[in-house]
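Using this note's numbering, the first residue of the sequence shown is number 257, and each one after it goes up by one.
Cβ atoms here follow ideal geometry from the backbone N, Cα and C, with glycine treated the same way.
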Amino acid sequence: MSPANEPSFRESVDIMFNRAVALMDLPPGLEEKIRVCNATYTVRFGVRLRGKIHTFTGYRSVHSEHMEPVKGGIRYSLGVNQDEVEALAALMTYKCSLVEAPFGGSKGGLCIDPREYDDHEMELITRRFAYELIKRDLINPAQNVPAPDMGTGEREMAWIADQYKRMNTTELNGVACVTGKPINAGGIQGRTEATGRGVQYALHAFFNDEEGMKKAGMTGTMKGKRVVVQGLGNVGYHAAKFLQEEDGCKITAIIERDGALHNEDGLDVEAVHQWIAKHGTITGYPDTHCEEDGAKLLEAECDILIPAALEGVINLSNAANVKAPLIIEAANGPVTAGADEILRKKGCVIIPDMYANAGGVTVSYFEWVKNLSHIRFGRMQRRQEEARHQLVVDELERLDRYMGDAWSMTPDFKEKYLRGAGELELVRSGLDDTMQTAYQSMARVWHDRDDVDDLRTAAYLVSIEKVAASYRAKGL
Ligand code: GLU
257 MSPANEPSFR ESVDIMFNRA VALMDLPPGL EEKIRVCNAT YTVRFGVRLR
307 GKIHTFTGYR SVHSEHMEPV KGGIRYSLGV NQDEVEALAA LMTYKCSLVE
357 APFGGSKGGL CIDPREYDDH EMELITRRFA YELIKRDLIN PAQNVPAPDM
407 GTGEREMAWI ADQYKRMNTT ELNGVACVTG KPINAGGIQG RTEATGRGVQ
457 YALHAFFNDE EGMKKAGMTG TMKGKRVVVQ GLGNVGYHAA KFLQEEDGCK
507 ITAIIERDGA LHNEDGLDVE AVHQWIAKHG TITGYPDTHC EEDGAKLLEA
557 ECDILIPAAL EGVINLSNAA NVKAPLIIEA ANGPVTAGAD EILRKKGCVI
607 IPDMYANAGG VTVSYFEWVK NLSHIRFGRM QRRQEEARHQ LVVDELERLD
657 RYMGDAWSMT PDFKEKYLRG AGELELVRSG LDDTMQTAYQ SMARVWHDRD
707 DVDDLRTAAY LVSIEKVAAS YRAKGL
């Protein structure tokens, strides 16, 4: 956690926002209208468990309604409080705007340690929390659409969707009231991996940006780059797995809440993940050095540091010791405003949260559209596309026969070309395009403006400009 002399999470987000708007020419008053959180609803409700009533505190905060529905996850953690949900809701506004997901920003949270309750108890608690939010339209396909976040996943989203259906039996679009659902409850392929996949695509975009690489003092490709990951939850696990298996990165350290595994030759992400799933801890993982003070490894020598757990983990107490030339914020707010300044001065490049972890909400957007259109992506065109490809392959095969030994088709061309895109391929393609386009818009500002020397400020500028334009269009 951040030292006591640091601003709160929400203040930290505001400081970063203020740094960016100071470089903009917004109409008087608009800056404050965009910065402030529109509303935060606090609910305290009781659930009878184990023969006694337990009272829980939950929040849903709406940061900006310049577009509706507003969007953002629901977090289950003992660290949840009003300041945190408001900071996270603000980040959702900027994130959605940056990647052009047509939503305002929102966030919810429940103060709970989910590990203390069994499945049935979690269902009772989730349904009751959902009931409180649904009856106030704080969950609604047209107004406010939650999704998973830390401590929640498809299971909770399925309960929320079902609760909404029970309370709105004739609502045709009810299933669109929440995203991140399991496939058999209206979800979309590729949503679970989406945030981690987005982190991978963001790194691809960065490694293709020569000027950006130069600013970070980095060279070469992603192959062999040493990566330290903090948090092997849904986001950290998928990001690390894809980077290792598909890009040839070396995952040299994995930091978890109870320590860190360190191996300069690289760790097997899948094996560590399975170990944690089985034992609930990284302790005892075979043949690997386990560092008790895990956070120390945030300061390890590496090429890419991926904080994918909590906010505020890189703060005034350790920022000066961070050695990574590149940090990609897979978590929301892992670098405090104070640490950001120290790192910037050191020349460390930070790929900011609002861009780096936008893969989740991007695929949530696809899921919401799928739910509203009531049809799976690719269902209409896949066979037709395959039939057209077959025509080309038939012609190439004729040519192949005609040319004899002089020419032949590349071995796996036919198989690859014939396969029409299914939902997963389309989701990945849409996500890749989104991440690349958003990177270009940020990078242009970063490289072209003399008064902008970091990607975070660039991201805020692009994002706030779009929010401001939508307020202007409304005549506000
Ligand atoms: N909780 C995720 C985030 O912080 C996803 C939000 C969503 O899909 O609406 O971006």
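Check                                                                                                                                                                             : Outcome
Rounded to the nearest angstrom, what separates A461 and M469 at their Cα positions?                                                                                              : 10 Å
For L366, which three-state DSSP category applies?                                                                                                                                : strand
Thinking C-alpha only, which one of E288, R654, F265 is nearest L344?                                                                                                             : F265
Quick check: I598 and A576, are their CB atoms within less than 9 Å of each other?                                                                                                : yes
Please report how far the alpha carbon of D609 lies from the alpha carbon of T666, in whole angstroms.                                                                            : 41 Å
Confirm the yes/no value for this check: CB of G616, any heavy atom of the ligand GLU, distance under 8 Å.                                                                        : yes
Count the other C-beta atoms from every protein chain shown that fall within 10 angstroms of the C-beta of P284, then say buried if there are 16 or more, exposed otherwise.      : exposed
What alpha helix (DSSP H) runs, 4 residues minimum, are completely inside the stretch 576-646?                                                                                    : 593-602, 609-612, 615-629
Can you tell me where the alpha helix (DSSP H) holding L554 begins and where it ends?                                                                                             : Looking at the DSSP string, L554 is not in any alpha helix (DSSP H), and its letter there is neither H nor E.
Could you pull out every residue in the same chain whose Cβ sits closer than 6 Å to the Cβ of L279, ignoring the five residues on either side in sequence?                        : D707
Shorter than 8 Å, the distance from the beta carbon of P402 to the closest heavy atom of the ligand GLU, or not?                                                                  : yes
Nearer than 8 Å: is that true of the beta carbon of D710 relative to any heavy atom of the ligand GLU?                                                                            : no
Is M348 close to the ligand GLU? I mean its beta-carbon at under 8 Å from any heavy atom of the ligand.                                                                           : yes
Would you kindly check if the distance between the Cβ of F359 and the Cβ of V617 is under 9 Å?                                                                                    : yes
Taking the beta strand (DSSP E) that K506 falls in, what are its first and last residues?                                                                                         : 506-512
Can you list, in chain order, the residues of its chain with a C-beta nearer than 8 Å to that of L334? Leave out the 5 residues immediately preceding and following it.           : C367, I368, D369
L354 and A614: beta carbons closer than 9 Å?                                                                                                                                      : yes
Give a single yes or no on whether K506 has its beta carbon closer than 8 Å to a heavy atom of the ligand GLU.                                                                    : no
Quick one: give me the first and last residue of the alpha helix (DSSP H) that E567 is part of.                                                                                   : It is not in any alpha helix (DSSP H) - E567 carries neither H nor E in the DSSP assignment.
Kindly list the residues whose CB is nearer than 6 Å to the CB of L561, restricted to its own chain and excluding five residues on each side of it in sequence; keep chain order. : V484, A580, I583
What three-state label does DSSP hand Q696 in the structure shown?                                                                                                                : helix
To the nearest angstrom, how far is it from the Cα of R306 to the Cα of M378?                                                                                                     : 13 Å
Between which two residues does the beta strand (DSSP E) holding R482 run?                                                                                                        : 482-486
Report whether the distance from the Cβ of T344 to the nearest heavy atom of the ligand GLU is below 8 Å.                                                                         : At residue 344 the sequence reads Leu, which differs from the Thr that was named. The answer is yes for L344.
Keeping to the same chain, check which residues put their C-beta closer than 7 Å to that of A417; ignore five residues upstream and five downstream.                              : V431, C433, V434, K437, A441, G442
Nearest chain B C-beta to E671 closer than 9 Å, yes or no?                                                                                                                        : Checking the listed chains, one finds no chain B in this structure; it contains a single protein chain.
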